[in-house]
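Visitor: Count the sequence shown with this note's numbering and you get residues 55 to 551, in order. Yeah, the Cβ is synthetic: ideal placement off N, Cα and C, and Gly gets one too. The following block contains the structure, expressed as structure tokens.
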Amino acid sequence: MSSKLPLQLYTAAQSRAVDREAIDAHGLSGPQLMARAARAAFALLLAQQPEPGAEPELLQVLCGPGNNGGDGLLLAMLARGRGIATRVLLIDGAPRSTDAIAAAARAESAGVELEHYQAGSLVDGGVIVDAMLGTGITGELRCEYREVIACVNAMQAPVLALDVPSGINSDTGTVCGAAVRASWTLSFITAKRGLYTGAGPEYAGACFFDDLEVPPEACAVAGECYDVLELDRELAFLPARLPGAHKGHFGRCLVIGGDYGMGGAIILAAEAALRSGTGLVRVATREAHVAAILARRPEAMVSAVDHRNALMPLLEWADAVVVGPGLGQDVWGEQMLHASLEVAKPLLLDADALNLLAKQGPRSLPPGSVMTPHPGEAARLLGMGTGEVQDDRFAAAEQLAAVWAATVILKGNGSLLAGSHRHALCLDGNPGMASGGMGDVLSGIAGGLLAQGMSAQQAAALALVLHAQAGDVAAASVGERALLATDLMPGIAKLIK
């Protein structure tokens with residue numbers, strides 16, 4: 055058992071395929087896997103007690119009729135055998151799956167009493183185990199489950215969820231009407247992707263994983279999965295710096311934006327591009343912001359640009375272009391965006407560049423382009439509501455990538471990367487990063503990496519995890535509540551060195 059996740063995240067259907075492969079091709083049985091799951095859960099439960107060697111004074115195990123409930127039944131048997139006061143409360147009737155029926159028989163033969171849940175059955179104290187639904191839920195929960203979940207969430211007792219908190223869609227991370235708020239979630243055999251984005255992290259608590267000794271080869275049957283981004287792995291794609299190199303070898307990034315009153319955004323993006331290691335960074339902005347940018351970051355070149363004709367030679371100069379931070383949606387912003395789209399250079403499109411594109415509808419983007427929408431911008435680009443995007447962030451990111459033929463970073467809790475050849479999820483970052491300017495920093499990093507010659511998917515992946523970890527470094531120093539976008543700059547420099 056480990057708090058470190060494997061590098062792939064799976065849907066419920068993929069997880070079932072792996073389970074079946076483990077049984078059919080690797081000599082394992084359903085009862086074997088159920089027993090291993092119970093042992094892993096019991097070990098975690100003991101490890102999470104406030105004092106070493108302590109045991110919960112009471113264990114209340116809520117068991118559904120399927121295999122998730124079977125895991126809970128065998129966990130209850132282990133706890134009772136250890137002398138822990140244990141109650142099993144059956145939800146939705148007696149066990150119905152073959153393996154769960156067998157688990158119930160084993161538990162009862164070991165002296166575990168099975169009660170049918172009724173209103174008021176739960177009592178405060180000890181630990182509650184959620185073994186009701188696992189991955190087996192996609193639609194809205196029935197009333198009886200909602201009532202049980204409301205009671206669980208009203209208790210003061212910590213909750214251990216087996217595989218997935220009941221009520222969380224393990225594919226999307228959405229709440230199916232109601233969901234258990236777990237203290238800990240232990241996933242078996244495969245890590246379920248819905249635990250790490252959308253509402254999933256809020257309900258899962260601390261996540262743990264146990265492969266139940268299933269051979270890794272069994273996972274091959276699942277096909278393409280979402281990767282977990284790791285900084286060291288992504289840094290390996292960053293071009294090396296040879297002893298004889300000069301600034302021209304490390305790319306030229308043009309950062310466009312900063313309409314009247316929005317100069318801060320373009321300063322953040324330009325500084326982040328510099329911190330990413332870009333050889334030369336030039337800013338195209340309103341004349342009113344030139345002095346402030348030079349005072350803040352004299353390493354950047356700054357050009358006052360009032361119309362598209364003045365922008366064209368700067369676009370020709372650049373290896374990659376960031377357009378959007380502080381761009382605005384007036385005539386000036388439209389001119390800057392349209393000129394950028396006419397040049398066959400990799401684009402990083404963010405903020406108002408995305409809002410302007412959404413007004414126009416899908417169009418061809420230059421090859422190697424990256425889009426970095428938050429859920430609201432993604433909704434406008436897809437012509438749907440923000441709630442629809444959040445209901446299935448994976449589908450929204452993939453649809454954006456397909457419609458716009460671009461690499462997409464869908465920002466938010468559990469930011470996603472979707473491209474033609476790769477899908478990934480970032481586990482790093484913190485709530486303190488939900489503040490103004492953070493997206494501008496991400497745009498600058500990604501644009502700078504594009505300018506240095508990384509592919510769109512390489513640049514997006516590295517930018518996403520570097521930005522998130524820099525936020526964690528900064529939060530460790532100043533705290534989440536006071537975190538500012540500028541606080542990320544030292545972390546970027548430290549992590550990318």
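Taking C-beta to C-beta, are methionine 492 and alanine 539 nearer than 9 Å?
Guide: Here the question's residue 492 lines up with position 438 in the sequence shown. Here the question's residue 539 lines up with position 485 in the sequence shown. In this structure, alanine 539 lies closer than 9 Å to methionine 492 by Cβ.
Visitor: Looking only at C-alpha atoms, which of Val397, Ile77, Met209 sits nearest to leucine 266?
Guide: What you label residue 266 is simply residue 212 of the sequence shown in a count that begins at 1. Among Val397, Ile77, Met209, the Cα nearest to that of leucine 266 is on Ile77.
Visitor: Give the straight-line distance between the Cα atoms of valine 183 and glutamine 511, rounded to the nearest whole angstrom.
Guide: Numbered from 1 along the sequence shown, position 129 holds the residue referred to as residue 183. Numbered from 1 along the sequence shown, position 457 holds the residue referred to as residue 511. Cα to Cα, the separation comes out at about 41 Å.
Visitor: Measure the Cβ-Cβ separation of aspartate 494 and glycine 380 and say whether it is below 9 Å.
Guide: What you label residue 494 is simply residue 440 of the sequence shown in a count that begins at 1. What you label residue 380 is simply residue 326 of the sequence shown in a count that begins at 1. Yes.
Visitor: Are there three or more Cβ pairs, one per stretch, closer than 8 Å when the segment 512 to 521 is compared with the segment 286 to 294?
Guide: yes
Visitor: Rounded to the nearest angstrom, how far is the Cβ of valine 206 from that of valine 234, given a contact under 8 Å?
Guide: For this step, residue 206 is matched to residue 152 along the sequence shown. For this step, residue 234 is matched to residue 180 along the sequence shown. With 8 Å as the limit, valine 206 and valine 234 qualify as a contact, their Cβ atoms being about 5 Å apart.
Visitor: Using C-beta distances below 8 Å, list every residue in its chain close to leucine 549, excluding the 5 sequence neighbours before and after it, in chain order.
Guide: Taking the first residue of the sequence shown as position 1, residue 549 is located at position 495. Leu285, Leu520, Gln523, Ala524, Val527.
Visitor: Anyone know if the C-beta pair for alanine 374 and leucine 308 falls short of 9 Å?
Guide: Against the sequence shown, residue 374 aligns to sequence position 320. Against the sequence shown, residue 308 aligns to sequence position 254. Contact annotation: alanine 374 and leucine 308 have beta-carbon atoms nearer than 9 Å.
Visitor: Return the Cβ separation of threonine 189 and valine 213 in integer angstroms, given the expectation that the two are a contact with Cβ distance under 8 Å.
Guide: Start at 1 with the first residue of the sequence shown, and residue 189 comes out as number 135. Start at 1 with the first residue of the sequence shown, and residue 213 comes out as number 159. Threonine 189 to valine 213, Cβ: 17 Å. No contact.
Visitor: Quick one: Cα of histidine 80 to Cα of cysteine 117, how far?
Guide: Start at 1 with the first residue of the sequence shown, and residue 80 comes out as number 26. Start at 1 with the first residue of the sequence shown, and residue 117 comes out as number 63. One C-alpha to the other measures close to 28 Å.
Visitor: In whole angstroms, what is the alpha-carbon distance linking tyrosine 314 and alanine 260?
Guide: For the purposes of this step, residue 314 is identified with residue 260 of the sequence shown, where counting begins at 1. For the purposes of this step, residue 260 is identified with residue 206 of the sequence shown, where counting begins at 1. Going from the Cα of tyrosine 314 to the Cα of alanine 260 covers about 44 Å.
Visitor: Report the CB separation of arginine 247 from aspartate 281 in whole angstroms; it is logged as a contact under 8 Å.
Guide: In the sequence shown, residue 247 corresponds to position 193, counting from 1. In the sequence shown, residue 281 corresponds to position 227, counting from 1. Contact flag wrong, Cβ pair sits at about 11 Å.
Visitor: By how many angstroms is the C-alpha of leucine 100 removed from the C-alpha of leucine 402?
Guide: As a working mapping, residue 402 is identified with position 348 in the sequence shown. As a working mapping, residue 100 is identified with position 46 in the sequence shown. Cα-Cα distance, rounded: 48 Å.
Visitor: Take the Cβ of glycine 533 as the centre, count every other Cβ of all protein chains shown within 10 Å, and call the residue buried at 16 or more, exposed below.
Guide: Taking the sequence shown and counting its residues from 1, the one referred to as residue 533 is at position 479. By the neighbour-count rule (16 or more Cβ atoms within 10 Å), glycine 533 is not buried but exposed.
Visitor: Taking just the CA atoms, how far does proline 269 sit from valine 356?
Guide: As a first step, residue 356 is located in the sequence shown; it is residue number 302 there, counting from the start. As a first step, residue 269 is located in the sequence shown; it is residue number 215 there, counting from the start. Whole-angstrom Cα-Cα distance: 56 Å.
Visitor: Per DSSP, what are the beta-bridge partners of cysteine 588 in this structure?
Guide: Residue 588 is absent from the model: the chain starts at 55 and stops at 551.
Visitor: Name the one or two DSSP bridge partners that aspartate 281 has.
Guide: Locating residue 281 in the sequence shown gives position 227, counting from the first residue. BP columns for aspartate 281 point to Gln62, Ala478.
Visitor: Compare the beta carbon distance of glycine 135 and alanine 156 with 9 Å and say whether it is the shorter of the two.
Guide: Taking the sequence shown and counting its residues from 1, one reaches residue 135 at position 81. Taking the sequence shown and counting its residues from 1, one reaches residue 156 at position 102. No, the pair does not count as a contact, with Cβ atoms beyond the cut-off.
Visitor: Measuring CA to CA, which of Arg417, Tyr64, Arg535, Leu328 is closest to alanine 276?
Guide: Taking the first residue of the sequence shown as 1, we reach residue 276 at position 222. Taking only the C-alpha atoms, the option nearest alanine 276 is Tyr64.
Visitor: With a threshold of 6 Å on Cβ separation, who are the neighbours of glutamate 169 within its own chain once the five nearest residues in sequence on each side are excluded?
Guide: Within the sequence shown, the letter at position 115 stands for residue 169. Within the same chain, glutamate 169 has close Cβ partners Leu143.
Visitor: Thinking just about the alpha-carbon of each residue, which of Arg447, Arg351, Tyr257, Glu278 is nearest to the one in alanine 323?
Guide: One-based indexing of the sequence shown puts residue 323 at position 269. That would be Arg351, whose Cα lies nearest to the Cα of alanine 323.
Visitor: What residues in its chain sit with their C-beta under 8 Å from that of alanine 346, if we drop five residues either side in the sequence?
Guide: In the sequence shown, counting from the first residue as 1, residue 346 sits at position 292. Closer than 8 Å at Cβ, skipping near neighbours: Gly317, Ile321.
Visitor: Fully enclosed by the segment 331 to 393, which alpha helix (DSSP H) runs are 4 residues long or longer?
Guide: 344 to 350, 362 to 371
Visitor: Quick one: is threonine 244 buried, meaning 16 or more other Cβ sit within 10 Å of its Cβ, or exposed?
Guide: One-based indexing of the sequence shown puts residue 244 at position 190. When all chains shown are included, threonine 244 counts as buried.
Visitor: I'd like the span of the alpha helix (DSSP H) that includes valine 443, first residue to last.
Guide: For the purposes of this step, residue 443 is taken as residue 389 along the sequence shown, with counting starting at 1. Residues 440 to 445.
Visitor: Comparing C-alpha positions only, which one of Ala405, Leu410, Val377, Pro400 sits nearest to valine 385?
Guide: Here residue 385 is taken as the residue at index 331 of the sequence shown, counted from 1. Checked all of Ala405, Leu410, Val377, Pro400; the closest Cα to valine 385 is Leu410.
Visitor: Going by DSSP, what residue range makes up the beta strand (DSSP E) through alanine 185?
Guide: Within the sequence shown, residue 185 is the residue found at index 131, counting from 1. Taken as a continuous stretch (DSSP letters only), the beta strand (DSSP E) holding alanine 185 covers 181 to 185.
Visitor: I need the boundaries of the alpha helix (DSSP H) containing leucine 410, first residue and last residue.
Guide: Position 356 of the sequence shown holds residue 410. From DSSP, the alpha helix (DSSP H) with leucine 410 extends over 406 to 414.
Visitor: Alpha carbon to alpha carbon, what distance is there between valine 181 and glutamine 506?
Guide: As a first step, residue 506 is located in the sequence shown; it is residue number 452 there, counting from the start. As a first step, residue 181 is located in the sequence shown; it is residue number 127 there, counting from the start. If I take the Cα positions, the gap works out to 53 Å.
Visitor: Quick check for students: name the residue ranges of the alpha helix (DSSP H) that lie wholly in the segment 133 to 181, counting only runs of 4 or more.
Guide: 152 to 163
Visitor: Whose C-alpha, out of Leu98, Ile145, Met209, is nearest the C-alpha of asparagine 121?
Guide: What you label residue 121 is simply residue 67 of the sequence shown in a count that begins at 1. When only C-alpha atoms are compared, the closest one is Ile145.
Visitor: Determine the extent of the alpha helix (DSSP H) in which leucine 322 is found, giving its start and end residues.
Guide: Within the sequence shown, residue 322 is the residue found at index 268, counting from 1. Per DSSP, leucine 322 belongs to the alpha helix (DSSP H) from 317 to 329.
Visitor: Let me know if glutamine 210 comes out buried or exposed under the rule of 16 or more other beta-carbons within 10 Å of its beta-carbon.
Guide: To locate residue 210, count along the sequence shown from 1; it is residue 156. Exposed is the call here.
Visitor: Label histidine 428 either buried or exposed according to how many other C-beta atoms from any shown protein chain fall within 10 Å of its C-beta, with 16 as the threshold for buried.
Guide: Walking along the sequence shown from the start, residue 428 turns up at place 374. With 16 or more Cβ atoms within 10 Å of its Cβ, histidine 428 is classed as buried.
Visitor: Please state whether DSSP places isoleucine 310 in a helix, a strand or coil.
Guide: Residue mapping note: residue 310 aligns to position 256 of the sequence shown, counting from 1. Of the three classes helix, strand and coil, the one that applies to isoleucine 310 here is strand, per DSSP.
Visitor: Specify, as a first and last residue, the run of the alpha helix (DSSP H) that phenylalanine 96 falls within.
Guide: Here residue 96 is taken as the residue at index 42 of the sequence shown, counted from 1. That run of the alpha helix (DSSP H) goes 84 to 101.
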